[in-house]
Every structure is written in structure tokens, then in C-alpha cells.
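Quick notes on the structure that follows.
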Amino acid sequence: MIYMRGQARDYDHWRQLGNSGWGWEDALKFLKKSEAHFDGGDDLHGADGEWRVEEQRLSWEILDAFRDAADQVGIPKIDDFNRGDNEGCGYFSVNQNKGVRWSAADAFLHPVKSRPNLTIMTQAHVEKINFQDNKVKDISFLLKENALLLRSERKLFLPQER
1 MIYMRGQARD
11 YDHWRQLGNS
21 GWGWEDALKF
31 LKKSEAHFDG
41 GDDLHGADGE
51 WRVEEQRLSW
61 EILDAFRDAA
71 DQVGIPKIDD
81 FNRGDNEGCG
91 YFSVNQNKGV
101 RWSAADAFLH
111 PVKSRPNLTI
121 MTQAHVEKIN
131 FQDNKVKDIS
141 FLLKENALLL
151 RSERKLFLPQ
161 ER
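Count the sequence shown with the numbering used here and you get residues 1 to 162, in order.
Have a look at this one:
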């Protein structure tokens, strides 16, 4: 449930390696667009997205003492681990909605799962994605041990492995 973006320099490094569109400023646009931050929108956070981000609801004296001790040895206190320079010690933001875990399925899948142009398959294992002119042509996959081929007429979005 911890919500923490990567370091800005890591995103920028990906861009320098040839992954155009993956720099911090590039990614930040999409991170903000998908985010519904508890403090609302600003230069670093979005307000109207699907991905609910809330402030940590707990604090313990021992955690506050640890944070103070870290600060005394040069590890700065930090209030926001999602500003691109994430080095420090503090409480994390969390993916929750009114104290209840907010999953990717809650944010992105459940609101659209009844669309007539969407089919959700569980127990499907993708074997190969075939491209033509930088677009997905078809996908070979196994569904409960049956080999199947899905041809693309439009956009396809694929899940990541767990």
C-alpha cells in the first residue's frame, strides 16, 4: 500500500539510454494525471486521477524518535517521497481510500470492466506478441492449456506479470 515514485534521476537515466518519453518530466505528466492526491493538485501531484493517494493514518512515538535520530546523523526529514528527490526519512503516502486499500483494480479496472469492448481473461499466459509497423498484430497465448491467437483490430493493453 505504500505509494512511492522512483527517483527523478532514474527516469532521466532511462531517457539518456535511448528511451525517449521516459524522463522525469515526461513521466510526471502521467503520474499526475492518474493521481488523486489527498492534498489536491500542484506542481508534483494530481487531484482528479483514479489512483487514490492518502496520508499515512498512523504515527508512533518510536517512529518519530527514529526519524529525529536519522536527522541528527544527516539523513534529512522528508514529508513527501514523491517529489523526485526521495532521499530521507519520514512517513510514506499510501494507496488507500478512506483507510481501505486502493488497488490498481479498484482504480483502473473496476470502473471500466462492464464495457462491451473489453474482455478480461484470467489464467491466460501470453507466449508471444507479434508486431507489424510498431503496432500489435496478434498475441499468442495459453488459456487453461489451450493455445489461442488473438488478432488485433485496434489498441491492445497487456497486463504485466506478477
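Cβ atoms here follow ideal geometry from the backbone N, Cα and C, with glycine treated the same way. The structure presented is a predicted model; accordingly, all values stated were derived computationally and were not measured.
{"query": "Inter-stretch contact at 8 Å, needing at least 3 Cβ pairs: the segment 74-81 / the segment 103-119", "result": "no"}
{"query": "Minimum C-alpha distance to N146 - residue among E127, K113, P111, E50", "result": "E127"}
{"query": "Counterpart residues of D138 in DSSP-defined beta bridges", "result": "N130, R151"}
{"query": "Assigned exposure category for H37 - 16 Cβ within 10 Å defines buried", "result": "buried"}
{"query": "Helix, strand or coil at Q96 according to DSSP, with G and I counted as helix", "result": "strand"}
{"query": "Straight-line Cα distance separating V53 from Y3", "result": "7 Å"}
{"query": "C-beta contact flag for W24 and A47 at 8 Å", "result": "no"}
{"query": "Given Q56 as reference, the closest of L148, Q96, L143 once Cα atoms are compared", "result": "Q96"}
{"query": "Other residues of its chain near K33: CB distance less than 7 Å, five sequence neighbours each side excluded", "result": "G46, G49"}
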